[in-house]
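Beneath this line is the structure, given in structure tokens, with notes to follow.
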Amino acid sequence: MVVESYPDLKANENFIMLQGQIEGTENRISFERKRFNESVKSYNTYRRRFPRNIAALILDFRKYDYFEAIPESDTKPNVNFNKQ
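All residue numbers for the sequence shown refer to my numbering, where the first residue is 187 and numbers rise by one.
This is the structure:
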């Protein structure tokens, strides 16, 4: 087998798969953040319109805030693949 003869190739293939999985996860998170914010916008708009605004006031339907990532989330984590 080629993989047994060249262990670096297997490591590279695994690393490439890992990169693809991480990218897919980041894309799903981004999509769900956008979907959440669209839902919040729709809800907040709905509860502001007459006569729902009166019911919202009486029943204490609060306004929701959009999702905003904390500033630290822009910092990439330090990953070390070296064996020690």
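The beta carbon of each residue, even a glycine, is placed where N, CA and C say it ideally should be. In this text the structure is predicted, and so the values were computed from the model without any measurement.
Inter-residue Cα distance where the pair is Arg214 and Arg248: Using only the alpha carbons, I get a separation of about 28 Å.
DSSP state of Ile256 mapped onto helix, strand, coil: coil
Beta-carbon proximity check, Phe253 vs Phe222, cutoff 8 Å: yes
Unbroken stretches of the beta strand (DSSP E), 3 residues or longer, contained in the region 228-257: Secondary structure within the region 228-257: not one fully enclosed beta strand (DSSP E) run of 3 or more consecutive residues is present.
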